[in-house]
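So the sequences go chain by chain: A and B.
Per this note's numbering, the first sequence runs over residues 127 to 443.
Per this note's numbering, the second sequence runs over residues 127 to 443.
Read through the structure below, which is laid out as structure tokens, and then see the notes.
Protein chains: 2
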Amino acid sequence: MTMHLITGGAGFIGVNLIRRLLAGGQEVVVVDDMSRGRIENLGELEADPRVRVATLDCADADGFGAFVAGLDGRVDDVWHLAANSDIPAGIADPAIDLQRTFLTTFGTLAVMRRFGIGRLHFASSSAIYGDFGETVIHEDIGPLEPISNYGAMKLASEAQIRAAAEAWLPCARIFRFPNVIGVPATHGVILDFVEKLRATPDRLDVLGDGTQQKAYLHVDDLVDAMLHIAALDGRYRVFNIGPSDDGITVRRIAETVRDAASPSAAIAFGEGNRGWVGDVPRFRYSVDRLLATGWRPRLGSQAAMERAVAEIVGARA
Amino acid sequence: MTMHLITGGAGFIGVNLIRRLLAGGQEVVVVDDMSRGRIENLGELEADPRVRVATLDCADADGFGAFVAGLDGRVDDVWHLAANSDIPAGIADPAIDLQRTFLTTFGTLAVMRRFGIGRLHFASSSAIYGDFGETVIHEDIGPLEPISNYGAMKLASEAQIRAAAEAWLPCARIFRFPNVIGVPATHGVILDFVEKLRATPDRLDVLGDGTQQKAYLHVDDLVDAMLHIAALDGRYRVFNIGPSDDGITVRRIAETVRDAASPSAAIAFGEGNRGWVGDVPRFRYSVDRLLATGWRPRLGSQAAMERAVAEIVGARA
Chain A
127 MTMHLITGGA GFIGVNLIRR LLAGGQEVVV VDDMSRGRIE NLGELEADPR
177 VRVATLDCAD ADGFGAFVAG LDGRVDDVWH LAANSDIPAG IADPAIDLQR
227 TFLTTFGTLA VMRRFGIGRL HFASSSAIYG DFGETVIHED IGPLEPISNY
277 GAMKLASEAQ IRAAAEAWLP CARIFRFPNV IGVPATHGVI LDFVEKLRAT
327 PDRLDVLGDG TQQKAYLHVD DLVDAMLHIA ALDGRYRVFN IGPSDDGITV
377 RRIAETVRDA ASPSAAIAFG EGNRGWVGDV PRFRYSVDRL LATGWRPRLG
427 SQAAMERAVA EIVGARA
Chain B
127 MTMHLITGGA GFIGVNLIRR LLAGGQEVVV VDDMSRGRIE NLGELEADPR
177 VRVATLDCAD ADGFGAFVAG LDGRVDDVWH LAANSDIPAG IADPAIDLQR
227 TFLTTFGTLA VMRRFGIGRL HFASSSAIYG DFGETVIHED IGPLEPISNY
277 GAMKLASEAQ IRAAAEAWLP CARIFRFPNV IGVPATHGVI LDFVEKLRAT
327 PDRLDVLGDG TQQKAYLHVD DLVDAMLHIA ALDGRYRVFN IGPSDDGITV
377 RRIAETVRDA ASPSAAIAFG EGNRGWVGDV PRFRYSVDRL LATGWRPRLG
427 SQAAMERAVA EIVGARA
């Protein structure tokens, strides 16, 4: 049995990854500071005898290390998912992304090095790329100019992991993914719309003019891709993960949520095609490197969005 | 009179920049934690009535801010040069580059934002690029895979500055430069060789086989380029700075230092073409973007090296 330690394991992606790891017969250690993760997200998984949960901040390398020391050297793989997932909050206060998005990575690396844990899988982000407009974004593109503190601290994390791979870390996987949707949703445009319609069932206010277009990946496909990449050879490998389409517009999402949650609501769009500072209005994302390894997403952006809307509206009903 | 604040101002590049700013009739505030900078480096500049010196760590945004509050809102430009300049030390302990190379940038940005200082000039590094082998490195190249903690934290700094430029910082300049040489030398291959020959005048041991080839820029040319770029238009601009040649080998440097400092010494080369983990054996550096703005270096790598050897051997005599 392989033991997997998941930082941010009580968050949206964490609980979906854990479910798959347990289904595959693995053992799981959840590390989460519960700042945005919630123990309730784990649901029935918490009671599984192969699951252990620690409430701690992985930016605190001493506290994190003291906990890992108690695991008797049994950790094989670390999935580092802990990060500030609230991009606008990080715009308002850069210290949030410093602490939760970068220093969590720094602390995780320090603990891995101390205990000789050699396999790291890191949830990076398409936000490291910044705004390439109509240019197709492949993994080797430059220049890298993130326009949010979140993107900056994800890029900083990748850089630190890359240097660690040069010096001591034998296996590192970087997953760069765009918007991931599904349940338990903790943030994001679908949840935002559902909550707005709950507050004002007759009206849905949308930031921006609705033309922003993004690719959406369902969390089931994301976890599937992460496990696929983790099994590939190599010391340091970077992959875009996403659907193989160009995405869907915010307008389309707003309409789908409206139809599912409050069919008689009027949708009111704002102006401009950036919802907030740091938002990228549109991007085109190449997943050719991942497709070349034989992996295929089950759902495109449209189908992923429709399924996530049904799941989120259902979960809130 | 414009007021320039220089972090790391008591270091090698800082004192050369200050001399030029004073010659141009400017006012200067030196901020340095004196961990590697030295007050003696400032020499006669310290007595200039237009120069103020503060010993503080710019990673400490509170202490740094309290000092800047006393400057009556007069700072126009910040030149952020503070960083750990000892790359091998940062390989041994990543916390050094975190604290001195990245958190100094984070603290500097926090203070600038708090006091509404709108012009930042940042000393980045060719180390952000990692190892591109024979490929010519231009500013927009990818992927960016720094192989040292120093390079990782310089890239993290650039990313944080880029996000600040998106949100609030109206003017940011990024200087990426390779090895810079001259006096007062605080580290680097020439000083290393001079000191080795002082210890053992009959023998010079060289790490690696001497075939590592790098471009070298004299600090006079570097400062000239930085001032040139600072005067250009634009919100966020990135420039490689360097000579327009492909560089010179470590063997050539060893021979020049030997000839100047201890002509009868035997040179003993090691094995392999990497001196230490994180060292890049060879790179080809494009400065076309800078040349297109009309700037020209006065010295190529060979002439810069010969002049720096004479200066360093002279300074130590």
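C-beta: ideal position from N, C-alpha, C; glycine also.
For residue 342/B, the uninterrupted beta strand (DSSP E) segment begins and ends at 342-344.
Residue 148/B sits close to residue 177/B, with the two beta carbons spaced by under 9 Å. Assigned with DSSP and collapsed to three states, residue 263/A falls in strand. Contact annotation: residue 155/A and residue 135/A have beta-carbon atoms nearer than 9 Å. At a cut-off of 9 Å between beta carbons, residue 324/A makes no contact with chain B. With the criterion set as a beta carbon lying under 8 Å from some beta carbon of chain B, the region 168-180 of chain A has no members that meet it. Look at the region 260-276 of chain B: the residues with a C-beta under 8 Å from a C-beta of chain A are 265, 266, 267, 268, 269, 270, 271, 272, 273, 274, 275. Ranked by how close their Cα comes to the Cα of residue 333/A, the residues 318/A, 347/A, 326/A, 345/A have 318/A in first place. Its Cα nearest to that of residue 133/B, the residue 238/B stands out among 215/B, 309/B, 238/B. Short of 8 Å from the beta carbon of residue 316/B, and not among the five residues preceding or following it, lie these beta carbons of its own chain, in chain order: 307, 379, 383, 431, 434, 435, 438. In this model, residue 189/A and residue 201/B are separated by some 41 Å (Cα to Cα). DSSP, read as helix, strand or coil, puts residue 129/A in strand. One finds 232 in chain A with Cβ atoms closer than 7 Å to the Cβ of residue 224/B, taken in chain order. For residue 329/A, the uninterrupted beta strand (DSSP E) run begins and ends at 329-332, by DSSP.
Between the region 334-342 of chain A and the region 293-301 of chain A there are fewer than three inter-stretch CB-CB distances shorter than 8 Å, so the stretches are not counted as touching.
Taking each of 183/A, 182/A, 249/A in turn and checking the Cα distance to residue 206/A, the smallest one comes out for 249/A.
Chain-ordered listing is empty here: chain A has no CB closer than 8 Å to the CB of residue 418/B, the nearest sitting near 17 Å.
Within the DSSP secondary-structure output, residue 181/B pairs in a beta bridge with 158/B.
Under DSSP, residue 392/A shares a beta bridge with 329/A.
Near chain A, meaning a CB-to-CB distance below 9 Å, the residues of the region 352-383 of chain B are 362, 364. Sequence-distant partners of residue 284/A (beyond 5 residues in either direction) whose C-beta falls short of 6 Å from its own C-beta, in its chain, are 250, 300.
Taking the CA atoms as reference points, residue 304/A sits about 28 Å from residue 186/A.
Where residue 193/B is concerned, the enclosing alpha helix (DSSP H) starts and stops at 187-195. Listed in chain order, the non-local C-beta contacts of residue 372/A below 6 Å within the same chain comprise 410, local neighbours out to five positions each way being set aside. In summary, residue 218/A is exposed, with fewer than 16 beta-carbon neighbours lying within 10 Å of its beta-carbon over all protein chains present. For residue 163/A, the closest C-alpha among the options 376/A, 309/A, 423/A is that of 309/A. Shown in chain order are the members of the region 283-304 of chain A whose Cβ falls below 7 Å from a Cβ of chain B: 285, 286, 288, 289, 292, 293. Taking the Cα of residue 198/B as reference, the smallest distance to any Cα among 236/B, 242/B, 172/B, 208/B is reached at 242/B.
As DSSP reads the structure, residue 153/B sits in a beta bridge with 129/B. In the DSSP assignment, the residues bridged to residue 203/B are 130/B, 245/B. Look at the beta carbons and you see the region 253-266 of chain B not touching the region 285-297 of chain B: under three pairs across the two are nearer than 8 Å. Collapsing the DSSP output to three states places residue 382/B in a helix. The alpha-carbon of residue 353/B is positioned some 31 Å away from that of residue 276/A.
Note: residue 364/A is bridge-paired with 300/A in the DSSP secondary-structure output.
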